[in-house]
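Student: Have a look at this one.
There are 2 protein chains.
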Amino acid sequence: MMARRPLLVTMGDAAGIGPEIVVRAFVEGAAKGCVVVGDPGVMQRAAALVRPLGVPIAVIDSPGEIDLAPPGALPLVVPSGLPPGLAACRWGVVDAACGAAAARCIEHAAAGVRAGEAAAVVTAPIHKEALAAAGIGYPGHTEMLQALAADGGPAPPVRMMLANDELRVVLVTIHLSLRRAIDAVTYDAVLQTLRIADAAARRFGVAAPRIAVAGLNPHAGEGGLFGDEEQRVIAPAVAAACAEGIDARGPFAPDTVFMRARDTPSHRGEFDLVVAMTHDHGLIPVKYLGVESGVNVTLGLPFVRTSPDHGTAFDIAGLGRADAASLSAAIRMARRLAAERALEVIRLGRSP
Amino acid sequence: MMARRPLLVTMGDAAGIGPEIVVRAFVEGAAKGCVVVGDPGVMQRAAALVRPLGVPIAVIDSPGEIDLAPPGALPLVVPSGLPPGLAACRWGVVDAACGAAAARCIEHAAAGVRAGEAAAVVTAPIHKEALAAAGIGYPGHTEMLQALAADGGPAPPVRMMLANDELRVVLVTIHLSLRRAIDAVTYDAVLQTLRIADAAARRFGVAAPRIAVAGLNPHAGEGGLFGDEEQRVIAPAVAAACAEGIDARGPFAPDTVFMRARDTPSHRGEFDLVVAMTHDHGLIPVKYLGVESGVNVTLGLPFVRTSPDHGTAFDIAGLGRADAASLSAAIRMARRLAAERALEVIRLGRSP
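In order, the protein sequence lines correspond to chains H and D. Counted from 1, the first sequence has number 213 at position 213 by the numbering used here; the numbering is strictly sequential. Counted from 1, the second sequence has number 1190 at position 190 by the numbering used here; the numbering is strictly sequential.
So this is what it looks like as structure tokens:
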């Protein structure tokens, strides 16, 4: 078996909890085999939050040099072009320099994984307003990584998957107002989501993924009484997916389909994943039992990318009490998915 | 202490699981002190599903005669004007006669509780298409009861509350397409919901209700990037409610506010109830852990009305395996709320 390539973990927004949870995951042993992409001063400041004496940081030139870091030292690659003085930024305050630095780390990590130097990318939280203040026109990681994967050609279609131990949800729309999201629920968007979701689930080890499709309207439109998107858009896309051999079912009433898919030892899920039309239809149930275990996976990219399912938590940044559980889960998930790409034996969750 | 008045339980749609779960709740002891409003033949057919030898049914003239029913017999009042031959209707099939009968039972129960003959109304599930086939223009119980409470005057503003042991949600909009629901999220609608929710929670025994308001858009609009309803409509309504002395907070991101409000022994909720803008934002989390314990309460009516939070389940109607847990929970909740109206000592859930 060949030596495992490292995972790249970006530090996220320097004013948020990102650097702190990265250090904490490392100290807790959850980031073994990971190389952090970030600013040395920012990481040092974060290390002091986690341990009174800090944590040694080993700056290396590339992910392949991970073994040069002494035991107990956090391996760090530093992208060129980071703004100076980042470690002096104020905790919990939107700062254009932090936005620019976060974006540089993402670019650097994406280039590294695309060059084959790393097995996957795990991203700590960024702040959309800081990105915007830095003049970066992406509402989030997903859109930015999609553009970075385009190589100047057409961007690959990507979708956000949120997963925890019980439930996996793939979203048709994400960072749009609800009004614009409804407009974006098209036949093509739903069918594309079903194709991406099915391919991803198979790659993750589910031999015959059972995919439930949630409707858009209350009671999935109640036969057209409460909206016609189910009849006009969603059902035809489900039928087209079925014709392609995808086991897609629905559209089902949004308020009960997640409960039906929930998979626990005492309640076997009826489906392997649920396709949801809107950000909050999908994320409310994934997060309901607590965000600690939730992981965000970007499907459709030419590389594995995961992240925690929470944000920069500006309200507790710098206080030393951020929880690294979701980042650690994201690292575990990335490791499994990246390994699976080579070995093809990994299974997703408890699904058969 | 005066003798308790009975609760009225409507049979629901005769082709669905309503009559069966009513009998089952009675047999399981959960419907003590309840009088059923329905058709004798339909209730007899349902009783045969629950017990091989059926269950004796005692037809009485009014709820006040409940004590005339022999021990073990299900007390039943029969509204005038029920269509003939209802007990021959086919299980699981939309039938105008069943829709008309279900509506008659609701009217009869509403009249009884308004006349002071009963303490509360609990409704078994009806089928919207059967109602429509009978020419009854209400999309559901809530709207019909609202009209019945109007006495020809203006209808009282009512709101749907869904409650289980962990979470209580009050909805600004219910049976509308998502597109029309967005239009219906107005300053007046949100403020009215906050007033109704606050008054209801106080009447239910929460001395100083902490009300969280969920946003409409992803991340509650992310400062206007993903929609402006939060800034334009919801935040001003929250501010107006606060000015009236209501402890309303938000709008918060819809994907995390329900998790924050979730109240369990190991996770104390930050709020006593959540106001949600759309049907599915509110119902997805209430139902996620299973519909068995969920109860629907109509707030704003001049009487107590609860129902189970599931539908007619046409797919399993007539099979004798419907679960009465949610109806039993609805009966318990109605009994508590009705008693509280007299005694003012009942507390809702675990909230302080």
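Just so it is clear, CB atoms sit at the ideal spot from N, CA and C, and this is done for glycine as well.
1. Excluding sequence positions up to five away, which residues of its chain have a Cβ less than 6 Å from the Cβ of Leu-1049 (chain D)?
2. Which of helix, strand or coil does DSSP assign to Ala-163 (chain H)?
3. Identify, in the order they occur along the chain, each residue of the same chain with its Cβ nearer than 6 Å to the Cβ of Arg-210 (chain H), setting aside the five sequence neighbours on each side.
4. For Asp-1280 (chain D) and Asp-1309 (chain D), what's the separation of their Cα atoms in angstroms?
5. Output the distance between the C-alpha atoms of Val-1274 (chain D) and Ala-150 (chain H), rounded to the nearest integer angstrom.
6. Using only the alpha-carbon positions, how far apart do Pro-1212 (chain D) and Val-122 (chain H) sit?
7. State the Cα-Cα distance for the pair Ser-1351 (chain D) and Val-1206 (chain D), rounded to the nearest angstrom.
8. I want to see whether chain D comes within less than 8 Å of His-281 (chain H), judged by CB atoms only; does it?
9. Going by C-alpha to C-alpha distance, which of H:Glu-117, H:Ala-324 and H:Leu-337 sits closest to Ala-313 (chain H)?
10. Would you list, in sequence order, the uninterrupted alpha helix (DSSP H) runs of no fewer than 4 residues that lie entirely inside the segment 1207–1277 of chain D?
11. Going by the DSSP bridge assignment, what does Ile-57 (chain H) pair with across the sheet?
12. Take every Cβ of the segment 224–231 of chain H, pair it with every Cβ of the segment 283–297 of chain H, and state whether three or more of those distances are shorter than 8 Å.
13. Output the boundary residues of the alpha helix (DSSP H) element that contains Thr-312 (chain H).
14. What does the alpha-carbon distance come out to for the pair Val-1185 (chain D) and Val-1113 (chain D)?
15. Mapping DSSP to helix, strand and coil, what is Ile-1346 (chain D)?
16. Could you name the residues that DSSP lists as bridge partners for Arg-168 (chain H)?
17. Would DSSP call Thr-1193 (chain D) helix, strand or coil?
18. Take every Cβ of the segment 1193–1208 of chain D, pair it with every Cβ of the segment 1299–1307 of chain D, and state whether three or more of those distances are shorter than 8 Å.
19. Measuring straight from C-alpha to C-alpha, what distance separates Ala-1147 (chain D) and His-1175 (chain D)?
20. Could you round the C-beta distance between Gly-92 (chain H) and Ala-317 (chain H) to whole angstroms and report it? I think they count as a contact, below 8 Å.
21. Quick check on Leu-343 (chain H) - is its C-beta less than 8 Å from some C-beta in chain D?
22. Closest to Ala-1239 (chain D) by C-alpha separation, out of D:Met-1277, D:Arg-1260, D:Asp-1255 and D:Arg-1195, would be which residue?
23. With distance defined between alpha-carbon atoms, name the residue in D:Val-1023, D:Ser-1328 and D:Tyr-1138 nearest to Ile-1106 (chain D).
24. What residues of chain H sit near Phe-1252 (chain D), judged by a beta carbon separation below 8 Å?
25. Which residue comes first and which comes last in the alpha helix (DSSP H) that contains Thr-1298 (chain D)?
26. Name the DSSP beta bridge partners of Ala-1120 (chain D), please?
27. Return the residues of the segment 1146–1166 of chain D that lie within a Cβ-Cβ distance of less than 7 Å from chain H, sorted by chain order.
28. For Asp-165 (chain H), which option in H:Gly-16, H:Arg-5, H:Arg-305 and H:Asn-296 has the closest C-alpha, if you only look at C-alpha atoms?
29. Would a C-beta distance cut-off of 8 Å place Val-23 (chain H) and Ala-47 (chain H) closer than the cut-off?
30. Can Ile-331 (chain H) and Ala-25 (chain H) be called in contact, C-beta distance under 8 Å?
31. How about Lys-32 (chain H): is its C-beta nearer than 8 Å to some C-beta of chain D?
32. Where does Val-367 (chain H) sit, in a helix, a strand or coil, going by DSSP?
33. Is the CB-CB distance between Ala-1119 (chain D) and Asp-1013 (chain D) below 8 Å?
34. By Cβ distance, which residues of its chain are closer than 7 Å to Leu-989 (chain D), with the 5 residues on each side in sequence left out?
35. Quick check: the Cα distance between Phe-258 (chain H) and Val-1233 (chain D), rounded to an integer number of angstroms?
36. Between the segment 1256–1274 of chain D and chain H, which residues of the former have CB atoms less than 8 Å from a CB of the latter, in chain order?
Tutor: Short version:
1. Around Leu-1049 (chain D): Glu-1020 and Gly-1320.
2. Ala-163 (chain H) falls in the strand class under three-state DSSP.
3. Cβ neighbours of Arg-210 (chain H) beyond the five flanking positions: Asp-247, Phe-271 and Asp-272.
4. Cα atoms of Asp-1280 (chain D) and Asp-1309 (chain D): separation of roughly 13 Å, rounded to the nearest angstrom.
5. Going from the Cα of Val-1274 (chain D) to the Cα of Ala-150 (chain H) covers about 42 Å.
6. The sequence given here places Ala at residue 1212 (chain D); Pro does not occur at that position. Each residue's Cα considered, the two are about 33 Å apart.
7. Interpretation of Ser-1351 (chain D) is limited by its pLDDT of 35, a score under 50 that renders its predicted location unreliable; no figure is taken from the coordinates.
8. For His-281 (chain H), the closest Cβ of chain D is nearer than 8 Å.
9. Ala-313 (chain H) has its Cα closest to that of H:Ala-324, out of H:Glu-117, H:Ala-324 and H:Leu-337.
10. Here the runs fully enclosed are 1235–1243 and 1254–1261.
11. Paired residues: H:Leu-74.
12. Between the segment 224–231 of chain H and the segment 283–297 of chain H, the count of Cβ pairs shorter than 8 Å is below three; the stretches do not touch.
13. For Thr-312 (chain H), there is no enclosing alpha helix (DSSP H), since its DSSP letter is neither H nor E.
14. The alpha-carbon of Val-1185 (chain D) is positioned some 32 Å away from that of Val-1113 (chain D).
15. Below a pLDDT of 50, predicted positions are generally treated as unreliable, and Ile-1346 (chain D), at 35, falls in that range; the measurement from the model is reported next regardless. Coil, per DSSP.
16. Residue pairing of Arg-168 (chain H) in beta bridges, as defined by DSSP: H:Ala-163.
17. It is helical.
18. Short answer: they touch.
19. The straight-line gap from Cα to Cα measures roughly 15 Å.
20. Sure, about 5 Å apart at Cβ, within 8 Å.
21. With a pLDDT of 38 at Leu-343 (chain H), under the threshold of 50, the modelled position of that residue is not reliable, and the figure given next carries that caveat. The C-beta of Leu-343 (chain H) comes no closer than 8 Å to any C-beta of chain D.
22. Residue D:Arg-1195 is the option with its Cα nearest to Ala-1239 (chain D).
23. Of D:Val-1023, D:Ser-1328 and D:Tyr-1138, the residue nearest in Cα terms is D:Tyr-1138.
24. Neighbours of Phe-1252 (chain D) on chain H: none; closest Cβ ~11 Å, over 8 Å.
25. Membership of Thr-1298 (chain D) in any alpha helix (DSSP H) is not indicated; the residue belongs instead to the beta strand (DSSP E) covering 1295–1299.
26. Answer is D:Leu-1007 and D:Val-1304.
27. From the segment 1146–1166 of chain D, no residue has a Cβ closer than 7 Å to chain H.
28. Here the closest residue by C-alpha is H:Asn-296.
29. Taking 8 Å as the Cβ cut-off, Val-23 (chain H) and Ala-47 (chain H) qualify as a contacting pair.
30. Contact: yes.
31. Cβ-Cβ to chain D under 8 Å: no for Lys-32 (chain H).
32. Past the edges of chain H, shown from 1 to 352, lies residue 367 (chain H), and the structure says nothing about it.
33. One thing to note: Ala-1119 (chain D) has its Cβ no nearer than 8 Å to the Cβ of Asp-1013 (chain D).
34. Residue 989 (chain D) lies beyond the range of chain D shown here (1001 to 1352); nothing can be said about it.
35. Each residue's Cα considered, the two are about 30 Å apart.
36. Per Cβ criterion, the list reads Thr-1256, Phe-1258, Met-1259, Arg-1262 and His-1267.
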